[in-house]
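What follows is a single structure, written as structure tokens, with notes after it.
Protein chains: 2
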Amino acid sequence: MSAQAPKITLLAGGGGGAKLAIGLAAILQPGQLSIIGNVADDQEFHGLWVSPDIDTITYSLAGLIDRSKGWGLANETSRTLEGLARLGSDDWMYLGDQDFATHIYRTELRRQGVRPSAIAQTIARALGVTANILLPSDDRMQTEVKTARGWLSFQEYFVREQCRPEVLELRIQGLEEARPTEEALAAIRDADLLILAPSNPLVSIGPILALPAIRNALEKTRATRVAVSPLIGGQTVKGPANRMLKAAGYSCSNLGVADCYRGLIDSLVIDVSDSADVAALQARGLKTLVTQTLMSSDADKACLARELLAIAGLAGTGLASQLDQPERVSA
Amino acid sequence: MSAQAPKITLLAGGGGGAKLAIGLAAILQPGQLSIIGNVADDQEFHGLWVSPDIDTITYSLAGLIDRSKGWGLANETSRTLEGLARLGSDDWMYLGDQDFATHIYRTELRRQGVRPSAIAQTIARALGVTANILLPSDDRMQTEVKTARGWLSFQEYFVREQCRPEVLELRIQGLEEARPTEEALAAIRDADLLILAPSNPLVSIGPILALPAIRNALEKTRATRVAVSPLIGGQTVKGPANRMLKAAGYSCSNLGVADCYRGLIDSLVIDVSDSADVAALQARGLKTLVTQTLMSSDADKACLARELLAIAGLAGTGLASQLDQPERVSA
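Chains A and B, in that order, are what the protein sequence lines are.
Taking the working numbering as reference, the numbering of the first sequence is continuous, increasing by one, and the terminal residue is 504.
Taking the working numbering as reference, the numbering of the second sequence is continuous, increasing by one, and the terminal residue is 504.
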């Protein structure tokens, strides 16, 4: 990579964020891409530290993700979890046998005092990932969801309760004590293009932005700042973002997404099915790109990645050169 | 079980000890049998606390042991270990996927401050074991083996180096600080029959006896005290006991085994192939029973168990009643 190669930093949760990470990695050279992942979904299971969003990003970029589920490793077995259930442990959080290796390894290094950021990078490198996977903080910060039955951890709400309870409130335990990592701040400061992935604005991107120094870095960066809306046709592709937007007092629309990111982005990329939102978004001073944001195939992912680079006047390499130019409707 | 039912306590390592435990459990009622296992083979792997001898006993009594290997669970897979190897971890210590569940569970409870003894009992109960599996100590005590290349942990010597290096010396790290458990002391004090299993006298039974209060309890117990020699034809069935006896200054024979247990046993059970040793053993004041000590089948195990009960004038129930009376040569 030349010294002049532009730097792209992606803020991402799991699902859509991981898909966009695949697209970006496909058109960028090793070292160009940094991904600041979400650690507020982390939770300890069976005494092991599980970091679902970071693992989804890592497994996706390593080509090991279970593509049908969008999380976990492909071709998994569940013998260890079955063994734990036989011993009387809860097994509502699915953890596959090879996935357990990641959690065991991470937990061992954490107990040895290795920084969580360094662990994430070590795991990524061991699995062949060349992008930089960064943590917003090495400290514990955990999203909690208030329901009629009280506060739940994010995984209790998301996995155990399958997002069924009404969301009354969200909070991030540990936020006040959490310090940002130098790597994350540098990746925001030094980026040419800063992308907010089409992940849940409140519980995936939100916890990253909740760190004041990260928010401040985003406000000050010289990078072109683009968010990709997670909504398609005004709805979430997957997950509870729509109900969470409502619970947090935002409209469940691209305008609500824009409000979440107020002051932090220059452009918003929305799906063709939501093109009616363009005027209202522009009225808020946002450049708006209307395109196909649903990433079903690898070609879709690389197309969207290439469009994002184009917004910042950058060009990718690799896969994208083999793809048709996507149809763009720039507003 | 009636209040009068005799109590049998077995001191055991893995292999032969676990086989005899199966035999005893088959002819005794639930609650009659207590087994004090060896914890000095324990070692942390991947940040998880592995207790090979205790697990061998537990899995054996649960009917889950891999009978072809004599350790580990039957029908195991090794996806978690493969995952750890992919991350760069050592994988010379084989740990199967369901076995990992045990280590994860044990480690979680240890970190929560649960006594190792209580954990062992909880695991045993969860797997359907009715015998009492007791630890000699809740404290850390680990056998180390001195070789020409320096001190090795027991598992490094036994598994990684496959017992190849010459044994120069043995020691137990942590022995001086280790306190015996009340349960182990009570099981020795209250037993009617106290059996030292045909396990390695130095690294399986030895670490249990190395605790002064346990040795003292053995000296004082009203129980009939019987050891089963691990030697057959003057050789070990499996493992490095013969070379260790020599390294520790004992003769590699039933006389050496008797010397290891001097003052702690009333009777020694030896194999028919070693009947020539009877006179010398009797000269040391030991009652000697000559029988078939190799336990190939479940019938063998129950037969030997029944013979041990007979030495103390006790009779078993269950399986043994369905078996032919074993041929006995009492000396």
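Cβ coordinates follow ideal geometry from the N, Cα and C atoms, glycine included.
Values in this document were obtained by computation on a predicted structure and should not be read as measured data.
- prompt: Hey, S446 of chain A and G406 of chain A: beta-carbon distance below 7 Å or not?
  reply: Here residue 446 of chain A is taken as the residue at index 273 of the first sequence, counted from 1. Here residue 406 of chain A is taken as the residue at index 233 of the first sequence, counted from 1. Against a cut-off of 7 Å, the Cβ pair of G406 of chain A and S446 of chain A comes out as a contact.
query: Is the CB of D507 of chain A under 7 Å away from at least one CB in chain B?
result: Here chain A comprises residues numbered 174 to 504, so residue 507 of chain A is not present and cannot be evaluated.
Rounded C-alpha distance that separates R298 of chain B from W265 of chain A: Residue mapping note: residue 298 of chain B aligns to position 125 of the second sequence, counting from 1. Residue mapping note: residue 265 of chain A aligns to position 92 of the first sequence, counting from 1. Distance between the alpha carbons of R298 of chain B and W265 of chain A is about 22 Å.
- prompt: In the DSSP assignment, what residue or residues form a beta bridge with D444 of chain B?
  reply: For the purposes of this step, residue 444 of chain B is identified with residue 271 of the second sequence, where counting begins at 1. D444 of chain B is bridged to B:T464.
message: Tell me the rounded alpha-carbon separation between N389 of chain A and Q285 of chain B.
response: Taking the first sequence and counting its residues from 1, one reaches residue 389 of chain A at position 216. Taking the second sequence and counting its residues from 1, one reaches residue 285 of chain B at position 112. If you take the alpha carbons of N389 of chain A and Q285 of chain B, they lie about 39 Å apart.
field: Proximal chain B residues relative to Y278 of chain A, where beta-carbon distance stays under 9 Å
entry: Locating residue 278 of chain A in the first sequence gives position 105, counting from the first residue. Within chain B, the residues near Y278 of chain A are H219, G220, G256, L257, L260, G261 and S262.
- request: Give the residues of chain A in contact with F327 of chain B, contact being defined as C-beta atoms less than 8 Å apart.
  value: Along the second sequence, read from residue 1 onward, the residue named residue 327 of chain B stands at position 154. Going along chain A, no residue has its Cβ under 8 Å from F327 of chain B, so there is no contact; the nearest lies around 21 Å.
query: Helix, strand or coil: how does DSSP classify Q498 of chain B here?
result: Indexing the second sequence from 1 puts residue 498 of chain B at position 325. Note that Q498 of chain B has pLDDT 43, beneath the 50 cutoff, so the model's placement of it is unreliable and the number below is only indicative. In this structure, Q498 of chain B counts as coil in the three-state DSSP scheme.
- prompt: Near G190 of chain B, what residues of its chain come up, given a Cβ to Cβ distance below 6 Å and the 5 sequence neighbours on each side ignored?
  reply: The residue labelled residue 190 of chain B in the question sits at position 17 within the second sequence. Cβ within range, chain order: A370 and S372.
- prompt: Under a three-way DSSP split, which group does A178 of chain B fall into?
  reply: In the second sequence, residue 178 of chain B corresponds to position 5, counting from 1. In the structure shown, the three-state DSSP call for A178 of chain B is coil.
- prompt: Buried or exposed: L462 of chain A, going by 16 or more other Cβ atoms within 10 Å of its Cβ?
  reply: The residue you call residue 462 of chain A lines up with position 289 of the first sequence. Label assigned to L462 of chain A: buried.
- request: Using the DSSP secondary-structure output, state which residues sit across from N305 of chain B in a beta bridge.
  value: Here residue 305 of chain B refers to the residue found at position 132 of the second sequence. According to DSSP, which records beta bridges pairwise, N305 of chain B is partnered with B:S207.
query: By the criterion of Cβ-Cβ separation under 7 Å, what are the contact partners of E480 of chain B in chain A?
result: One-based indexing of the second sequence puts residue 480 of chain B at position 307. Simply none; closest approach about 35 Å.
field: Between the CA atoms of G243 of chain B and W244 of chain A - distance to the nearest angstrom
entry: Taking the first residue of the first sequence as position 1, residue 244 of chain A is located at position 71. Taking the first residue of the second sequence as position 1, residue 243 of chain B is located at position 70. Those two C-alpha atoms are separated by around 38 Å.
query: Can a CB atom of chain A be found closer than 7 Å to the CB of T511 of chain B?
result: It is not possible to answer for residue 511 of chain B, since the shown part of chain B is limited to 174 through 504.
Endpoints, the beta strand (DSSP E) within which T320 of chain A is located: As a first step, residue 320 of chain A is located in the first sequence; it is residue number 147 there, counting from the start. Looking at the DSSP string, the run of the beta strand (DSSP E) that includes T320 of chain A is Q315 to T320.
task: To the nearest angstrom, report how far apart S494 of chain A and C336 of chain B are at their CA atoms.
output: Position 321 of the first sequence, counting from 1, holds the residue named residue 494 of chain A. Position 163 of the second sequence, counting from 1, holds the residue named residue 336 of chain B. Only weak support exists for where S494 of chain A lies, its pLDDT of 41 falling under 50; the value from the coordinates is given anyway. Between the alpha carbons of S494 of chain A and C336 of chain B lies a gap of roughly 58 Å.
task: Compare the beta carbon distance of M314 of chain A and L375 of chain A with 7 Å and say whether it is the shorter of the two.
output: Working through the first sequence from its first residue, we reach residue 314 of chain A at position 141. Working through the first sequence from its first residue, we reach residue 375 of chain A at position 202. It is not a contact, given that the beta carbons lie outside the stated cut-off.
Cβ-based contacts, 9 Å cut-off: residues of the segment 290 to 317 of chain B near chain A: Per Cβ criterion, the list reads T295, I296, A299 and L300.
task: Within the same chain, show all residues whose beta-carbon is closer than 7 Å to that of A198 of chain A, passing over the 5 residues directly before and after it, in chain order.
output: For this step, residue 198 of chain A is matched to residue 25 along the first sequence. So the qualifying residues of the chain are L206, L234 and A304.
- prompt: Anyone know if the C-beta pair for G489 of chain B and L201 of chain B falls short of 7 Å?
  reply: In the second sequence, the residue the question calls residue 489 of chain B occupies position 316. In the second sequence, the residue the question calls residue 201 of chain B occupies position 28. A contact, by the Cβ cut-off of 7 Å.
- prompt: Leaving out the 5 sequence neighbours to the left and right, which residues in its chain are closer than 7 Å to Q498 of chain B when beta-carbon positions are compared?
  reply: By 1-based counting over the second sequence, the position of residue 498 of chain B is 325. Because the pLDDT of Q498 of chain B is 43, which lies under 50, any placement of that residue in the model is unreliable, and the number read from its coordinates should be weighed accordingly. Cβ neighbours of Q498 of chain B beyond the five flanking positions: none.
- request: Please find out if some non-hydrogen atom of the ligand ATP comes closer than 6 Å to the beta-carbon of V463 of chain B.
  value: With respect to the ligand ATP, the structure shown offers nothing to examine, as it has no ligands at all.
message: I'd like to know if the segment 376 to 396 of chain A and the segment 276 to 296 of chain A are in contact, where contact means that at least 3 CB-CB pairs between them fall below 8 Å.
response: No contact exists between the segment 376 to 396 of chain A and the segment 276 to 296 of chain A.
query: Do I368 of chain B and L246 of chain B have their C-beta atoms within less than 7 Å of each other?
result: Taking the second sequence and counting its residues from 1, one reaches residue 368 of chain B at position 195. Taking the second sequence and counting its residues from 1, one reaches residue 246 of chain B at position 73. Contact flag unset, no.
task: Excluding the 5 residues preceding and the 5 following A178 of chain A in the sequence, name in chain order all residues of the same chain whose CB lies nearer than 7 Å to its CB.
output: Locating residue 178 of chain A in the first sequence gives position 5, where the first residue counts as 1. Same-chain partners within the cutoff: Q202 and Q205.
task: Output the boundary residues of the alpha helix (DSSP H) element that contains I292 of chain A.
output: Locating residue 292 of chain A in the first sequence gives position 119, where the first residue counts as 1. Here the alpha helix (DSSP H) through I292 of chain A covers P289 to A299.
field: 8 Å Cβ cut-off: residues of chain B touching T461 of chain A
entry: Reading the first sequence from its first residue, position 288 is the one you call residue 461 of chain A. What T461 of chain A touches in chain B: nothing, since even the nearest Cβ is about 43 Å away.
query: Is the beta carbon of D312 of chain B less than 7 Å from the beta carbon of T354 of chain B?
result: Residue 312 of chain B sits at position 139 when you count from the first residue of the second sequence. Residue 354 of chain B sits at position 181 when you count from the first residue of the second sequence. No, the pair does not count as a contact, with Cβ atoms beyond the cut-off.
- prompt: According to DSSP, which residues form a beta bridge with T505 of chain A?
  reply: The structure shown does not extend to residue 505 of chain A, since chain A is modelled only from 174 to 504, so the question has no answer here.
message: Comparing C-alpha positions only, which one of A:A359, A:A421 and A:V410 sits nearest to K180 of chain A?
response: Numbered from its first residue, the first sequence carries residue 180 of chain A at position 7. Of A:A359, A:A421 and A:V410, the residue nearest in Cα terms is A:A359.
- prompt: Hey, is R288 of chain A's beta-carbon within less than 7 Å of any beta-carbon in chain B?
  reply: Here residue 288 of chain A refers to the residue found at position 115 when the first sequence is read from its first residue. Taking CB atoms only, R288 of chain A has no neighbour in chain B less than 7 Å away.
query: The alpha helix (DSSP H) with V451 of chain B in it runs from where to where?
result: Taking the second sequence and counting its residues from 1, one reaches residue 451 of chain B at position 278. Note, V451 of chain B: alpha helix (DSSP H), V451 to A456.
field: Proximity of V332 of chain A and V318 of chain A at Cβ, strictly below 7 Å
entry: For the purposes of this step, residue 332 of chain A is identified with residue 159 of the first sequence, where counting begins at 1. For the purposes of this step, residue 318 of chain A is identified with residue 145 of the first sequence, where counting begins at 1. Cβ atoms of V332 of chain A and V318 of chain A: not closer than 7 Å.
message: To the nearest angstrom, how far is the alpha carbon of G429 of chain B from that of G379 of chain B?
response: Your numbering for residue 429 of chain B matches position 256 in the second sequence. Your numbering for residue 379 of chain B matches position 206 in the second sequence. Their Cα atoms are separated by approximately 13 Å.
- prompt: Based on Cα-Cα distance, which residue from A:T275, A:A321 and A:E350 lies nearest to L221 of chain A?
  reply: Sequence index remark: in the first sequence, residue 221 of chain A carries index 48 (1-based). Ranking A:T275, A:A321 and A:E350 by Cα distance to L221 of chain A puts A:T275 first.
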